[in-house]
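Asks: Starting off with a structure, shown below.
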Amino acid sequence: MISEQLLLDITKCSRCGKCTAICPMFEKTKGWDTGVARGKLLVSWGLARGELEINDKLIEALYQCPTCMLCEQECTAGAKVTEIIREARALIVERGASVPFSHRGTFDTVARITLRDGLHRDWLDLIKGDFRENGETVYFPGSLPYLEPVLDFDLGAARIISAAVTIFNRAGIRPAIITQLADSGHDAFWSGQYQFFNALKEKNSRLLAGTKMIVTTCAEDYSILKSEYSLEAGVYHISQFVRDLIREGKLAFSEGAERVTFHDPCRLGRHTGEYDAPREVLKTFVDYREMARYGKDAVCCGVGAWMNCNKYSKQLRLDRVKEAAEAADTLITACSKCLSHFSCLMTEPEKVEDLPEIKIVDFTEFVARNLKDT
Amino acid sequence: MDIIDELIQIVGQERASDDKTVLYAYSRDSSLITGMPDYVVRPVSTEEVAKIVSLASQRKIPIVPRGMGSGMEAGCVPVHGGIVLDLHNMDKILEVNTDCLYAVVEPGVIHANLNARLAEQDFFFAPDPASTDFCTIGGMIGTNASGMTCLKYGDTRKSVLGLEVVLPDGTIINTGSRTVKSDCGYDLTALFVGADGTLGVVTKAILKVIPRPRTRATVAAYFDELEKIGEVVVAIFATGVIPAACELLDRSAIKVINQYKPEIALPDVDAILIINLEGSAAAVEEEVAGVVSSCKKVGAIEVKTAATREEVDALWAGRRSVGSAIYRLDPKRASPNIGGDYGVPIKRLPEMLREVRRIAEESGIPMVAFGHVGDGNLHTHMPVNVLDEEELARAEKAGDAIYEAALKLGGTATPEHGIGASKIRWVKEESKSAYPLMLAIKKVFDPHNIMNPGKIFEIS
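Residue numbers (my numbering), protein chains in the order written: chain A, 13 to 386; chain B, 3 to 462.
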């Protein structure tokens, strides 16, 4: 059901075409106007007004977009592009069509499994450090532990979770890892599966009731918990948490000469406005360099919510990694999707002719690796 | 064979479509006028365009050329269906010859991309629509686009030396030459520019390019009486200065900019003029002095000058924000292009602006006026709830009243956005006795009316 206000929001788009010059995906597809925000909003209008039926091209138009928000940020008219696209996706779901997840929807299935109670959490055995099952300060790993078995490369899920625990421990905190927490619902929400999202949110909210602080290592989990949940606890991305610990003098680092750059995940940057924290942290102990496009102008890794991994998103990620390689030897990111997408690229040197040499490392893991005893 | 199969045969499966979703995305431009195409095709060469146009000619179906679809007046909206030619994949800069002052481009080249390429040699293509980052050269040619600097450098027509055009029967012709001057019979190049694609499809353009000015400066002047606007522009011309840009913010625009971005803090005055001067350092210095003295002589409350990039940006911040400010006035109201582009003789600008204020008051539609005052071209934006039929009808009536007022003052309803489907009425009213001749020309080129029908004229 699309509200009248949402229709009015669509009318804000004057179809001026500014998004055609901004959208990194359209730059790759150079295709139909359905491949850019202006066209997607017009298609959403047609769908909402009953002038268009759902077909493959309509699903492609509305799902082939990482909702990176670059166009929305620059839109003269202030059209709420990502929200409109998400609502249009919800209409598609409401009318019974399937979400075109990549990887045959495996990650969606994984998220659904996390809804069940009483699941064995064998992955906990792999986590190093001192943590507990319940408490007021919670580390939220989201679906990270379950991604690894599905991906055919080493994402380092156990290392990232252990790194998070290590950071907590160095600051004298024994975090809670609530084993029955479900997937955050980020992908469910952004794929327009609101009913599914609400089920995940309801379960997580119940388990998180009474907590004071929640820290996530994934930008997507952070953005969804912060923006779409109504939690009493403060929600922090690990970069904010580490920044605060450094300011309080609770963490120290071994300084390195490594040239490091940071890829702003769209959920951390444009979606929730946090650009400074990761930089403030990294600058304390490495030779920090910026890419040509960074902060609010950063370009997407190419995928969002496992929905649009295709030849164009793969070109985007290659461009981004090349851009990073021009600036640094190590590319740090702080989102499990960005990490997966970049890492996946680096596993395919035989398929990519001009793959640059660069290390891709998760922010949490990188921070923990460089911690020094205080 | 079905038309879609023939189109696929010409351009391949990937670049021809009759899918309803794809077609729907081509049913609009920036205007409120809609029209569903039957097919959309993305050709990549003149040969493909010629074959598609030949097919359309044989089948007697409309052909609608389209650049990036950023037009304001429904020039690329297929109001009679047919084949939309999405030309944005024909985006090659074929030749740059700054020694001989020209560049050759395909129609899908983005204006800003061309100027980025020319900037490497300190040259530029002078017409400067606000949509520089996304409008195509083909679209600029179709609409004879201009912008802030056309006062000094002229509109698109002044900068097109020659064209390659596919005529409505599929024939490919060339007009003009790679020389700055050419008097080879009738000026067919000029005829195709601003024709909204009603005479043929432009597939290549030879453009005049010129050296970039080395120095720029900005003057901003504040006025407490609207009457002084016309006077000051005339006074500036009298000093021998042609500004590169001479932009006006009316009281209505000042108000919405201050609401949207209070930090810009524009003064509470009746009108602000922002004037750009460019050329050699010595000339700019002299021109700044002339403009400042003209503004003071006419009675500006305050005159500010800027030479550094930061200072210039600060003076332009208000003008640059006006578009965004209008959209953010009211969450229920957009700013559709209604009564948005008109011009009057420069000295009559104050009268025109007073007319706009009167029409706004009578219609109950708040209006924001600004524009390229140096050439008498004004723009009006109206925040309108387009889902409210009564409000929309009232706004459209107000838009017509604005154009009527412009014509009564000896002006034009068609200064720089092209005509498309939305200004057909005004072409007839404005061109008067020349109208039948224009219709006759259309028939010579396109006897079956397949080339972008329903634009400029509505031929039954």
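Beta carbons: idealized from backbone N, C-alpha and C, even for Gly.
Since Ile85 of chain B sits in a beta bridge, which residues does DSSP pair it with?
Replies: The residue labelled residue 85 of chain B in the question sits at position 83 within the second sequence. BP columns for Ile85 of chain B point to B:Tyr41 and B:Ile65.
Asks: Under a CB-based cut-off of 8 Å, is Gly58 of chain A close to chain B?
Replies: Position 46 of the first sequence, counted from the first residue, corresponds to residue 58 of chain A. Chain B, which has a Cβ nearer than 8 Å to the Cβ of Gly58 of chain A, makes this yes.
Asks: Does the segment 95 to 115 of chain A come within contact of the segment 295 to 311 of chain A, defined as at least 3 CB pairs closer than 8 Å?
Replies: no
Asks: So the alpha helix (DSSP H) Cys356 of chain A belongs to, where does it begin and stop?
Replies: Taking the first sequence and counting its residues from 1, the one referred to as residue 356 of chain A is at position 344. Residues Ser348 to Met358.
Asks: Alpha carbon to alpha carbon, what distance is there between Asn115 of chain B and Thr217 of chain B?
Replies: Residue 217 of chain B sits at position 215 when you count from the first residue of the second sequence. Residue 115 of chain B sits at position 113 when you count from the first residue of the second sequence. Between the C-alpha atoms of Thr217 of chain B and Asn115 of chain B there is a straight-line separation of about 22 Å.
Asks: Please determine if the segment 66 to 85 of chain A and the segment 103 to 114 of chain A are in contact, where contact requires at least 3 C-beta pairs separated by less than 8 Å.
Replies: Judged by Cβ distances under 8 Å, the segment 66 to 85 of chain A makes contact with the segment 103 to 114 of chain A, as three or more pairs qualify.
Asks: If the cut is a Cβ gap below 8 Å, which residues of chain B does Gln325 of chain A touch?
Replies: Looking up residue 325 of chain A in the first sequence gives position 313. Checking the displayed sequence, the identity of residue 325 of chain A turns out to be Ser instead of Gln. Under the 8 Å cutoff, chain B gives no residues; its nearest Cβ is about 18 Å from Ser325 of chain A.
Asks: Compare the Cα-Cα distances from Arg171 of chain A to each of A:Ser348, A:Glu362 and A:Lys363 and report the closest residue.
Replies: The residue you call residue 171 of chain A lines up with position 159 of the first sequence. Considering only alpha carbons, the answer is A:Ser348.
Asks: Ala246 of chain B lies in the beta strand (DSSP E); which residues open and close that run?
Replies: Along the second sequence, one-based indexing puts residue 246 of chain B at 244. It is not in any beta strand (DSSP E) - Ala246 of chain B carries neither H nor E in the DSSP assignment.
Asks: Evaluate contact between the segment 28 to 41 of chain B and the segment 281 to 294 of chain A, counting only Cβ atoms and requiring at least three cross-stretch pairs below 8 Å.
Replies: no
Asks: Could you tell me which residues DSSP puts in a beta bridge with Pro213 of chain B?
Replies: For the purposes of this step, residue 213 of chain B is identified with residue 211 of the second sequence, where counting begins at 1. Looking at the DSSP assignment, Pro213 of chain B forms a beta bridge with B:Phe125.
Asks: Please classify Arg218 of chain B: does DSSP put it in a helix, a strand, or coil?
Replies: Stepping through the second sequence from its first residue, residue 218 of chain B is reached at position 216. Strand, per DSSP.
Asks: Quick one: which chain B residues come within Cβ less than 9 Å of Val311 of chain A?
Replies: Within the first sequence, the letter at position 299 stands for residue 311 of chain A. Per Cβ cutoff of 9 Å: no residues; Val311 of chain A is ~16 Å from chain B at best.
Asks: According to DSSP, simplified to helix, strand and coil, what is Gly204 of chain A?
Replies: Residue numbering aside, residue 204 of chain A sits at position 192 when the first sequence is read from its first letter. In the structure shown, Gly204 of chain A sits in coil (DSSP, three-state: anything other than H, G, I, E or B).
Asks: Is the segment 224 to 232 of chain B close to the segment 194 to 202 of chain B, with three or more CB pairs under 8 Å?
Replies: no
Asks: Can you name the start and end residues of the beta strand (DSSP E) that Glu166 of chain B belongs to?
Replies: Taking the second sequence and counting its residues from 1, the one referred to as residue 166 of chain B is at position 164. Its beta strand (DSSP E) spans residues Val162 to Val168.
Asks: Pull out every residue of the segment 372 to 392 of chain B whose Cβ sits closer than 8 Å to any Cβ of chain A, in chain order.
Replies: Asn387, Val388 and Leu389
Asks: Which class does Met150 of chain B belong to by DSSP, given the choice of helix, strand or coil?
Replies: The sequence position of residue 150 of chain B within the second sequence is 148, counting from 1. Met150 of chain B: coil per DSSP, three-state reduction.
Asks: Leaving out the 5 sequence neighbours to the left and right, which residues in its chain are closer than 7 Å to Asp130 of chain B when beta-carbon positions are compared?
Replies: The residue you call residue 130 of chain B lines up with position 128 of the second sequence. Result list for Asp130 of chain B: Gly149, Met150 and Thr151, in chain order.
Asks: For the candidate residues A:Ile66, A:His198 and A:Thr229, whose alpha-carbon lies nearest to that of Glu377 of chain A?
Replies: Counting from one through the first sequence, the residue named residue 377 of chain A turns up at place 365. Of the listed residues, the one whose Cα sits closest to Glu377 of chain A is A:Thr229.
Asks: Step through the CB atoms of chain A and report whether any lies within less than 8 Å of the CB of Val370 of chain B.
Replies: Indexing the second sequence from 1 puts residue 370 of chain B at position 368. By this cut-off, Val370 of chain B is not an interface position.
Asks: In the DSSP assignment, the beta strand (DSSP E) including Gly104 of chain B goes from what residue to what residue?
Replies: By 1-based counting over the second sequence, the position of residue 104 of chain B is 102. Correcting the residue identity first, residue 104 of chain B is Tyr in this sequence and not Gly. First-last of the beta strand (DSSP E) with Tyr104 of chain B: Tyr104 to Val107.
Asks: So, does the CB of Gly29 of chain A fall closer than 8 Å to a CB anywhere in chain B?
Replies: Residue numbering aside, residue 29 of chain A sits at position 17 when the first sequence is read from its first letter. Closer than 8 Å: yes.
Asks: Could you spell out the range, first to last residue, of the beta strand (DSSP E) harbouring Thr345 of chain A?
Replies: Working through the first sequence from its first residue, we reach residue 345 of chain A at position 333. Segment Thr342 to Thr345, the beta strand (DSSP E) holding Thr345 of chain A.
Asks: Starting from Asp331 of chain A, find everything on chain B with Cβ-Cβ shorter than 9 Å and list it in chain order.
Replies: The sequence position of residue 331 of chain A within the first sequence is 319, counting from 1. The contacting residues do not exist; Asp331 of chain A stays about 17 Å from chain B at best.
Asks: Could you check how far apart the C-beta atoms of Gly345 of chain B and Pro417 of chain B are, in whole angstroms? I think they sit under 8 Å.
Replies: Your numbering for residue 345 of chain B matches position 343 in the second sequence. Your numbering for residue 417 of chain B matches position 415 in the second sequence. The pair is a contact, with the Cβ atoms about 4 Å apart (cut-off 8 Å).
Asks: Who are Asn99 of chain B's beta bridge partners in DSSP?
Replies: By one-based count along the second sequence, residue 99 of chain B stands at place 97. Asn99 of chain B pairs with B:Tyr104.
Asks: Can you tell me the Cα-Cα spacing of Thr177 of chain B and Glu166 of chain B, whole angstroms?
Replies: By 1-based counting over the second sequence, the position of residue 177 of chain B is 175. By 1-based counting over the second sequence, the position of residue 166 of chain B is 164. Going by the C-alpha atoms only, they are around 6 Å apart.
Asks: Going straight from the alpha carbon of Val195 of chain B to that of Leu163 of chain B, what length do you get?
Replies: On the second sequence, residue 195 of chain B is found 193 positions in, with the first residue counted as 1. On the second sequence, residue 163 of chain B is found 161 positions in, with the first residue counted as 1. Cα to Cα, Val195 of chain B sits roughly 11 Å from Leu163 of chain B.
Asks: Is the beta carbon of Lys230 of chain B less than 8 Å from the beta carbon of Gly292 of chain B?
Replies: Numbered from its first residue, the second sequence carries residue 230 of chain B at position 228. Numbered from its first residue, the second sequence carries residue 292 of chain B at position 290. No. Outside cutoff.
Asks: Return yes when the Cβ of Asp45 of chain A is within less than 8 Å of the Cβ of Gly71 of chain B, no when it is not.
Replies: Within the second sequence, residue 71 of chain B is the residue found at index 69, counting from 1. Within the first sequence, residue 45 of chain A is the residue found at index 33, counting from 1. Result yes, Cβ atoms of Gly71 of chain B and Asp45 of chain A sit closer than 8 Å.
Asks: Ser296 of chain B by DSSP, collapsed to three states: which one?
Replies: For the purposes of this step, residue 296 of chain B is identified with residue 294 of the second sequence, where counting begins at 1. In this structure, Ser296 of chain B counts as helix in the three-state DSSP scheme.
Asks: In the DSSP assignment, the alpha helix (DSSP H) including Met354 of chain B goes from what residue to what residue?
Replies: Residue numbering aside, residue 354 of chain B sits at position 352 when the second sequence is read from its first letter. That run of the alpha helix (DSSP H) goes Leu351 to Ser365.
Asks: If you run the structure through DSSP and keep just helix, strand and coil, what is Leu367 of chain A?
Replies: Counting from one through the first sequence, the residue named residue 367 of chain A turns up at place 355. Coil.
Asks: Ala27 of chain B versus chain A: which residues are under 7 Å apart at the beta carbon?
Replies: Along the second sequence, one-based indexing puts residue 27 of chain B at 25. Per Cβ cutoff of 7 Å: Trp44, Asp45, Thr46, Gly51, Leu54 and Val55.
Asks: Which residues, in order along the segment 73 to 105 of chain A, keep a beta-carbon less than 9 Å from a beta-carbon of chain B?
Replies: Ala73, Cys87, Thr88, Ala89, Gly90 and Ala91
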